[in-house]
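Residue numbers (our numbering): 147 to 308.
Okay, here's the thing in C-alpha coordinates:
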(Lines of atoms letter the chains of each structure in order from A and count residues from 1; the text may use other names and numbers.)
(Lines give C-alpha, C1' and ligand atoms only; values in the text may rest on other atoms or scores of the structure.)
Protein backbone atom coordinates (compact mmCIF):
# COMPACT_ATOMS: atom_id res chain seq x y z
CA UNK A 1 0.00 0.00 0.00
CA UNK A 2 2.68 2.55 0.99
CA UNK A 3 4.67 1.94 -2.22
CA UNK A 4 1.55 2.73 -4.24
CA UNK A 5 0.92 5.94 -2.27
CA UNK A 6 4.53 7.03 -2.85
CA UNK A 7 4.21 6.29 -6.58
CA UNK A 8 6.81 3.51 -6.55
CA UNK A 9 4.39 1.03 -8.05
CA UNK A 10 1.03 1.39 -9.79
CA UNK A 11 -2.14 1.21 -7.71
CA UNK A 12 -4.04 -2.03 -8.14
CA UNK A 13 -6.39 -4.01 -5.95
CA UNK A 14 -7.49 -7.41 -7.22
CA UNK A 15 -9.92 -9.77 -5.53
CA UNK A 16 -12.16 -12.72 -6.24
CA UNK A 17 -15.78 -11.84 -5.65
CA UNK A 18 -17.70 -14.00 -3.18
CA UNK A 19 -20.80 -13.60 -5.33
CA UNK A 20 -21.52 -11.49 -8.37
CA UNK A 21 -24.69 -9.74 -9.39
CA UNK A 22 -25.89 -9.98 -12.93
CA UNK A 23 -26.12 -6.18 -12.81
CA UNK A 24 -22.34 -5.70 -12.47
CA UNK A 25 -21.49 -8.15 -15.21
CA UNK A 26 -18.18 -8.49 -17.03
CA UNK A 27 -16.54 -5.40 -18.44
CA UNK A 28 -14.94 -2.15 -17.37
CA UNK A 29 -16.61 0.48 -15.20
CA UNK A 30 -14.98 3.84 -14.49
CA UNK A 31 -15.64 6.64 -12.04
CA UNK A 32 -14.66 8.56 -8.92
CA UNK A 33 -14.29 6.28 -5.89
CA UNK A 34 -16.04 7.19 -2.65
CA UNK A 35 -17.03 5.24 0.42
CA UNK A 36 -16.03 3.76 3.71
CA UNK A 37 -18.02 2.62 6.72
CA UNK A 38 -21.71 2.57 5.74
CA UNK A 39 -22.94 4.12 9.00
CA UNK A 40 -20.43 6.98 8.69
CA UNK A 41 -21.20 7.51 5.00
CA UNK A 42 -24.90 7.72 5.95
CA UNK A 43 -24.18 10.34 8.62
CA UNK A 44 -22.78 12.66 5.90
CA UNK A 45 -25.81 12.47 3.58
CA UNK A 46 -27.86 15.26 5.22
CA UNK A 47 -24.84 17.57 5.52
CA UNK A 48 -23.09 19.91 3.08
CA UNK A 49 -19.99 17.66 3.24
CA UNK A 50 -21.60 14.79 1.34
CA UNK A 51 -20.62 14.83 -2.33
CA UNK A 52 -23.63 15.26 -4.61
CA UNK A 53 -24.85 12.16 -6.39
CA UNK A 54 -25.01 10.00 -8.18
CA UNK A 55 -21.82 8.45 -6.91
CA UNK A 56 -19.93 6.44 -9.52
CA UNK A 57 -17.86 3.83 -7.61
CA UNK A 58 -18.84 3.27 -3.98
CA UNK A 59 -17.12 0.94 -1.52
CA UNK A 60 -18.83 0.05 1.74
CA UNK A 61 -18.31 -2.00 4.89
CA UNK A 62 -19.71 -2.02 8.41
CA UNK A 63 -19.54 -3.90 11.67
CA UNK A 64 -22.33 -4.90 14.03
CA UNK A 65 -25.19 -3.59 11.88
CA UNK A 66 -28.07 -5.98 11.24
CA UNK A 67 -29.10 -6.78 7.69
CA UNK A 68 -32.32 -4.78 7.90
CA UNK A 69 -30.32 -1.69 9.00
CA UNK A 70 -27.89 -2.18 6.09
CA UNK A 71 -30.84 -2.36 3.69
CA UNK A 72 -32.38 0.78 5.24
CA UNK A 73 -29.10 2.69 4.80
CA UNK A 74 -28.72 1.56 1.19
CA UNK A 75 -32.35 2.50 0.52
CA UNK A 76 -31.68 5.98 1.88
CA UNK A 77 -28.65 6.32 -0.40
CA UNK A 78 -30.82 5.30 -3.36
CA UNK A 79 -33.67 7.66 -2.35
CA UNK A 80 -31.20 10.55 -1.89
CA UNK A 81 -29.84 10.06 -5.42
CA UNK A 82 -26.36 9.07 -4.20
CA UNK A 83 -26.71 5.52 -5.61
CA UNK A 84 -28.39 4.83 -8.94
CA UNK A 85 -28.31 2.20 -11.70
CA UNK A 86 -24.95 3.52 -12.92
CA UNK A 87 -23.22 3.26 -9.54
CA UNK A 88 -20.84 0.34 -9.00
CA UNK A 89 -21.13 -0.77 -5.34
CA UNK A 90 -18.16 -2.74 -3.99
CA UNK A 91 -19.10 -4.49 -0.75
CA UNK A 92 -16.44 -5.32 1.81
CA UNK A 93 -16.75 -7.03 5.16
CA UNK A 94 -20.07 -6.66 7.03
CA UNK A 95 -19.00 -8.38 10.24
CA UNK A 96 -21.96 -9.56 12.33
CA UNK A 97 -24.59 -8.62 9.73
CA UNK A 98 -26.41 -11.95 10.09
CA UNK A 99 -25.90 -12.26 13.87
CA UNK A 100 -29.37 -10.87 14.58
CA UNK A 101 -31.09 -13.59 12.51
CA UNK A 102 -33.48 -15.22 14.97
CA UNK A 103 -34.93 -17.99 12.81
CA UNK A 104 -34.37 -19.71 9.48
CA UNK A 105 -35.49 -17.37 6.74
CA UNK A 106 -35.06 -14.24 8.89
CA UNK A 107 -33.83 -11.14 7.03
CA UNK A 108 -30.14 -11.57 6.16
CA UNK A 109 -27.41 -10.06 3.99
CA UNK A 110 -28.55 -12.40 1.20
CA UNK A 111 -31.88 -10.57 1.30
CA UNK A 112 -30.07 -7.21 1.12
CA UNK A 113 -28.30 -8.36 -2.06
CA UNK A 114 -31.63 -9.51 -3.53
CA UNK A 115 -33.04 -6.06 -2.77
CA UNK A 116 -30.12 -4.40 -4.58
CA UNK A 117 -30.91 -6.62 -7.57
CA UNK A 118 -34.58 -5.58 -7.46
CA UNK A 119 -33.54 -1.92 -7.40
CA UNK A 120 -31.25 -2.52 -10.40
CA UNK A 121 -28.11 -1.59 -8.46
CA UNK A 122 -24.81 -3.07 -9.66
CA UNK A 123 -22.82 -4.68 -6.84
CA UNK A 124 -20.09 -7.16 -6.07
CA UNK A 125 -19.04 -8.70 -2.74
CA UNK A 126 -15.64 -9.81 -1.53
CA UNK A 127 -13.76 -6.50 -1.49
CA UNK A 128 -10.99 -7.02 1.09
CA UNK A 129 -11.97 -3.97 3.12
CA UNK A 130 -13.53 -3.47 6.54
CA UNK A 131 -12.98 -4.56 10.12
CA UNK A 132 -10.71 -7.45 9.18
CA UNK A 133 -7.01 -8.23 9.48
CA UNK A 134 -5.95 -8.30 5.80
CA UNK A 135 -7.47 -5.33 4.00
CA UNK A 136 -6.60 -3.03 1.14
CA UNK A 137 -6.20 0.75 1.05
CA UNK A 138 -8.51 2.53 -1.37
CA UNK A 139 -8.05 5.93 -3.08
CA UNK A 140 -11.05 8.00 -1.97
CA UNK A 141 -11.76 10.74 -4.50
CA UNK A 142 -9.60 9.25 -7.25
CA UNK A 143 -10.90 8.25 -10.67
CA UNK A 144 -10.64 4.46 -10.84
CA UNK A 145 -11.26 1.71 -13.35
CA UNK A 146 -13.09 -1.40 -12.11
CA UNK A 147 -12.46 -4.31 -14.50
CA UNK A 148 -14.58 -7.41 -13.97
CA UNK A 149 -14.23 -10.78 -15.63
CA UNK A 150 -15.36 -14.31 -14.83
CA UNK A 151 -12.78 -14.82 -12.10
CA UNK A 152 -11.80 -11.52 -10.50
CA UNK A 153 -12.25 -7.80 -10.03
CA UNK A 154 -9.37 -5.35 -10.53
CA UNK A 155 -9.37 -1.73 -9.38
CA UNK A 156 -6.73 0.59 -10.90
CA UNK A 157 -6.24 4.35 -11.28
CA UNK A 158 -8.00 5.79 -14.33
CA UNK A 159 -6.89 9.43 -14.14
CA UNK A 160 -7.71 12.54 -12.16
CA UNK A 161 -10.64 12.53 -9.72
CA UNK A 162 -12.72 15.42 -8.36
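Beta carbons: idealized from backbone N, C-alpha and C, even for Gly.
Span of the alpha helix (DSSP H), counted from its first residue to its last, around residue 264 = Mapped onto the chain shown, residue 264 falls at position 118. Start and end: 255–265.
Residue 157 to residue 292 span [Cα, whole Å] = By one-based count along the chain shown, residue 157 stands at place 11. By one-based count along the chain shown, residue 292 stands at place 146. C-alpha separation (whole angstroms): 12 Å.
In this structure, what does DSSP give as the bridge partners for residue 208?
-> Translated into the one-based positions of the chain shown, residue 208 becomes position 62. Answer is 240, bridged to residue 208.
Opening and closing residue of the beta strand (DSSP E) in which residue 286 lies | Within the chain shown, the letter at position 140 stands for residue 286. Per DSSP, residue 286 belongs to no beta strand (DSSP E) and is neither H nor E.
Could you check how far apart the C-beta atoms of residue 170 and residue 294 are, in whole angstroms? I think they sit under 8 Å.
-> Here the question's residue 170 lines up with position 24 in the chain shown. Here the question's residue 294 lines up with position 148 in the chain shown. Contact flag correct, Cβ pair sits at about 6 Å.
Spatial neighbours of residue 173 within its chain, please: CB distance less than 8 Å, with the 5 preceding and 5 following residues excluded, ordered by chain position.
-> For the purposes of this step, residue 173 is taken as residue 27 along the chain shown, with counting starting at 1. So the qualifying residues of the chain are 293 and 294.
Is residue 193 helix, strand or coil when you go by DSSP?
-> Mapped onto the chain shown, residue 193 falls at position 47. Of the three classes helix, strand and coil, the one that applies to residue 193 here is coil, per DSSP.
Residue from 265, 299, 288 and 237 whose Cα sits closest to the Cα of residue 177 | Here residue 177 refers to the residue found at position 31 when the chain shown is read from its first residue. Residue 177 has its Cα closest to that of 288, out of 265, 299, 288 and 237.
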